[in-house]
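Written out below as structure tokens is the structure these notes cover.
Chains as they are written, first to last, in UniProt numbering: chain A, 1 to 539; chain B, 1 to 455.
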């Protein structure tokens with residue numbers, strides 16, 4: 001890293017910003033800050049509109065709803081109402097994996113669309129949607145169909161909610177509609193919120209089930225990318241937890257229907273699922289615990305917090321035993337990777353959580369995070385939930401309806417007393433997320449909605465050893481001779497969660513950084529100017 | 001798993017399952033990348049642009065950079081003029097492209113933004129060019145979008161000299177093909193000594209070397225002066241009726257440049273036709289070097305015919321490539337029994353049906369179909385081989401049929417974009433792939449006692 005003092009970093013940032021027209025410069029400046037340990041508070045602008053023309057990595061509300069939150073649900077026919085592209089691009093690209101429950105159906109490898117044509121845009125697409133639902137029921141007989149709206153649907157006024165309601169009555173299955181048109185909000189984040197609202201309003205709690213579980217939990221905001229949820233499930237089940245429902249990695253809509261029977265909600269990705277977690281507490285009295293199963297240290301912390309929450313000595317003992325067993329398998333090799341990577345630096349731009357979650361993963365293997373930013377995070381994801389009351393609502397926020405939930409008189413059951421909760425909150429992030437910035441090192445850069453220009457400029461100035469983002473930036477980084485690891489999809493690998501996952505991650509980083517290809521970038525004749533040779537004879 | 005696909009057909013008019021097409025804007029974006037110094041711009045919500053960039057990046061494993069008008073709900077209600085104007089200002093200030101090539105999306109088309117009038121009111125910096133194409137996602141497919149962008153380029157950029165003097169060049173529109181194909185077409189033209197203007201040209205844009213530096217606008221791509229000059233060319237050859245012929249006809253309409261639409265030159269017959277057309281138009285000879293390659297291809301097919309003879313094959317993908325692949329597998333002695341494209345156009349069915357006239361076996365043929373339909377066909381009439389894009393692996397795995405990846409997109413293999421499918425060289429590579437897939441399967445299924453070294 002070239003610049004290791006704050007003054008130097010300010011120069012770098014000035015250089016990044018000076019290419020913008022005045023108005024855009026002013027805007028972007030507020031999305032960038034340098035962590036300064038001397039300051040109590042850091043304020044960053046986030047979850048605001050991307051400036052048109054500035055090459056952003058962000059996607060749309062549809063992608064956040066259909067792609068992120070709903071996509072991993074295995075037993076659901078995800079029926080996309082719109083022109084073909086939106087359904088096509090959401091097909092198998094996020095690497096959320098899922099194994100069908102015994103006797104259950106798995107629709108993850110399929111994508112469904114109404115393939116809206118120009119006549120549908122002119123005369124309305126309702127007839128086509130109704131017919132598509134009928135055909136899906138006749139061919140697949142699914143227990144749940146989720147209809148997601150794409151841009152034209154809202155504009156032409158197709159009433160997908162009414163169609164869903166009628167289809168539900170007609171076919172006796174669950175049919176839900178998500179008004180997640182791509183233009184809503186400012187990023188994928190709007191789609192998460194829309195998905196959360198609809199799931200809470202029309203799926204959670206529609207069935208009751210007697211569960212004979214000692215420690216029933218829901219896993220929230222974990223999407224089973226590259227099999228992360230499989231590994232988390234393995235560890236949790238080994239300790240003795242019962243996962244009631246997953247929102248939504250390797251999960252099913254059928255489980256979500258009775259997910260109010262759990263006693264604790266674990267929140268992995270705060271950004272995409274915090275709305276549901278909050279509403280669960282309000283409606284059913286179930287608290288949520290912020291966890292991070294990425295990285296050994298974070299995983300251990302999460303497991304200990306969970307055991308502490310349930311407070312059972314036997315559970316605590318079992319937790320320590322599992323931690324010890326799992327650690328024993330990976331600590332040696334992980335320490336060797338730490339020695340190998342010591343002093344290397346990483347540039348992270350991903351998600352609404354992962355740019356935070358992966359910092360401890362890198363740290364444990366000797367790699368310091370010098371830049372971190374979210375693609376679609378909000379201020380609370382950076383600064384902690386305490387700033388929520390201060391966040392100004394924008395016009396774009398107001399376009400996404402807030403779902404008001406109230407205490408469910410029949411199903412509400414306060415899992416822990418107020419006093420107990422307050423006591424636990426002193427020890428653990430119960431109903432709380434601290435955000436990314438607090439954990440970051442002095443002098444590191446925090447950048448929201450990073451764009452193409454900033455990616456290149458910061459890479460040139462800081463020369464990180466690894467750049468972690470998505471596929472759109474990956475090869476730009478490679479052209480610059482810097483290994484890029486995708487942290488949205490994990491490229492072609494995973495799981496990275498838990499103990500073994502951390503080792504898998506370290507191995508993949510080693511494979512990337514140490515790949516011989518980087519040493520071949522300069523042809524030998526470019527280094528060796530004094531080539532002397534003879535033709536046709538010996539010298 | 002694709003275990004939920006039943007053998008029994010049920011009527012399906014509205015539900016598309018596992019498509020063999022995507023929407024127009026990605027085709028337009030790909031076409032725009034074949035213009036030197038161009039930044040494709042997507043006028044709509046930013047998700048479209050992200051999806052298209054991601055998808056092209058996955059096929060090419062190269063940076064694909066494009067900008068968006070980043071619509072919000074407000075823009076969707078009040079129109080996207082302000083967003084586009086802001087976008088253009090920022091684009092020229094920050095990214096400094098020579099060309100901005102704008103495509104629309106279903107969003108901007110539905111609200112009816114008039115891009116032409118927005119651009120007319122925009123103060124374009126000196127020496128810069130803005131091109132715009134109407135590419136509604138709810139019409140046609142990505143192939144339509146490719147064609148629409150190339151047509152828009154011709155309409156808005158091509159010129160004719162006042163003296164109407166020909167530049168003695170041939171315009172060549174290669175269609176929706178890979179940089180490796182484009183390099184092969186150029187090699188053939190150069191070997192024959194033909195002056196040409198090829199567009200769009202993604203070679204040296206989406207197959208650039210790793211040399212430690214990143215160039216947002218790589219050296220490749222057809223230039224604006226070249227595009228202007230297309231109006232003075234002797235003729236236009238469009239390789240592929242679906243992706244390439246419309247722009248060729250546009251050149252005829254605008255500047256009276258004669259269009260010749262040929263099949264995408266995949267396989268021996270289509271490549272022969274391509275070379276014959278070049279000879280007719282230019283009077284140039286096919287050089288010995290190319291003739292030798294043809295002879296090698298014929299030699300290979302004759303020597304290995306037993307590997308292909310009578311094998312049943314399903315061909316799916318984009319219309320131009322599927323037409324040529326069907327012709328090629330027929331020339332190998334194989335039996336195409338399922339032929340499908342997702343792009344809805346009856347002309348595809350007519351062209352293929354004509355090719356299949358002498359076929360004495362039953363076959364399925366459709367334009368506007370999906371992979372679910374192809375899978376059902378296969379369940380009812382099994383095949384020895386699948387030829388098409390990466391998505392077919394779902395069917396291949398479920399039905400335990402080998403798959404040879406050809407066309408777009410190929411997401412789960414690499415190097416395809418560097419090598420040709422087109423021309424005699426491309427056909428030799430295809431024969432190697434098909435033969436390898438069939439024989440790997442044969443070896444896998446042969447008992448040890450019967451295993452052979454020579455096949």
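Positions of the beta carbon are idealized from the N, C-alpha and C atoms, including for glycine. Computed from a predicted structure; not experimentally measured.
DSSP places residue 70 of chain A in no beta strand (DSSP E); its state is neither H nor E. At a C-beta separation below 9 Å, residue 120 of chain A has these neighbours in chain B: 138. Residue 223 of chain A counts as buried, since at least 16 other C-beta atoms from the protein chains shown sit within 10 angstroms of its C-beta.
Inter-segment contact for the segment 52–65 of chain A and the segment 46–66 of chain B is present: three or more beta-carbon pairs are separated by less than 8 Å. Residue 247 of chain A is a Cβ neighbour of residue 69 of chain A, given a cutoff of 9 Å.
Three or more beta-carbon pairs drawn from the segment 149–165 of chain A and the segment 108–126 of chain A are found closer than 8 Å, and the two stretches are therefore classed as touching. Of all alpha-carbon atoms in A/37, A/113, A/121 and A/273, the one lying nearest the alpha-carbon of residue 378 of chain A is that of A/273.
Collapsing the DSSP output to three states places residue 18 of chain B in coil. Distance check between residue 251 of chain A and each of A/191, A/102, A/445 and A/397 places A/102 closest, using alpha-carbon atoms only. 9 Å or more divides the Cβ of residue 327 of chain B from the Cβ of residue 240 of chain B. With respect to the 9 Å criterion, residue 29 of chain B and residue 4 of chain B are not classified as neighbours on the basis of their beta carbons. Taking the beta carbon of residue 74 of chain B as reference, the chain A residues within 7 Å of it are 395, listed in sequence order.
When secondary structure is reduced to three states using DSSP, residue 204 of chain B falls in the coil class, being assigned neither helix nor strand. Around the beta carbon of residue 88 of chain A, 16 or more other beta carbons lie within 10 angstroms, which makes this residue buried. Of the residues A/206, A/382 and A/232, the one whose Cα lies closest to the Cα of residue 350 of chain A is A/382. Listed in chain order, the alpha helix (DSSP H) elements of length 4 or more contained wholly in the segment 148–180 of chain A are 151–156 and 160–171. Judged by DSSP in its simplified three-state form, residue 106 of chain B adopts helix.
Put simply, of A/29, A/225 and A/20 the residue whose alpha carbon is nearest the alpha carbon of residue 10 of chain A is A/29. For residue 20 of chain A, the residues of chain B that pass the 8 Å Cβ criterion are 90, 93 and 94, in the order they occur in the chain. Under the three-pair Cβ rule at 8 Å, the segment 272–283 of chain B counts as touching the segment 226–239 of chain B.
In this structure, residue 204 of chain A keeps its C-beta atom at 9 Å or more from the C-beta atom of residue 58 of chain A. Residues of the segment 47–61 of chain B whose Cβ lies closer than 9 Å to any Cβ of chain A, in chain order: 47, 48, 49, 50, 51, 52, 53, 54, 55, 57, 58, 60 and 61. Contact of residue 452 of chain A with chain B is assigned, a C-beta pair being separated by under 9 Å.
In summary, residue 361 of chain B is exposed, with fewer than 16 beta-carbon neighbours lying within 10 Å of its beta-carbon over all protein chains present. With a cutoff of 9 Å on beta-carbon distance, residue 19 of chain B and residue 386 of chain B are scored as not near each other. Each of A/181, A/132 and A/298 was checked against the Cα of residue 153 of chain A, and the nearest Cα belongs to A/181.
The beta carbon of residue 181 of chain A sits closer than 9 Å to some beta carbon of chain B. A residue is called buried when at least 16 other Cβ atoms come within 10 angstroms of its Cβ; residue 306 of chain B does not meet this threshold and is exposed. Residue B/442 holds the alpha-carbon nearest to the alpha-carbon of residue 311 of chain B among B/232, B/78 and B/442.
In the structure shown, the three-state DSSP call for residue 91 of chain A is coil. Close partners of residue 394 of chain B in chain A (Cβ separation under 9 Å): 92, 109 and 110. Under the DSSP assignment, residue 328 of chain B falls in the alpha helix (DSSP H) whose first and last residues are 319–331. Counting only runs that start and end inside the segment 337–381 of chain B, the beta strand (DSSP E) elements of at least 3 residues fall at 364–367.
Here residue 97 of chain B carries a coil assignment [DSSP, helix/strand/coil].
Cβ-Cβ separation between residue 323 of chain B and residue 263 of chain B: approximately 6 Å, consistent with a contact (criterion under 8 Å).
The CB of residue 186 of chain A comes closer than 7 Å to the CB of 72 in chain B, given here in chain order.
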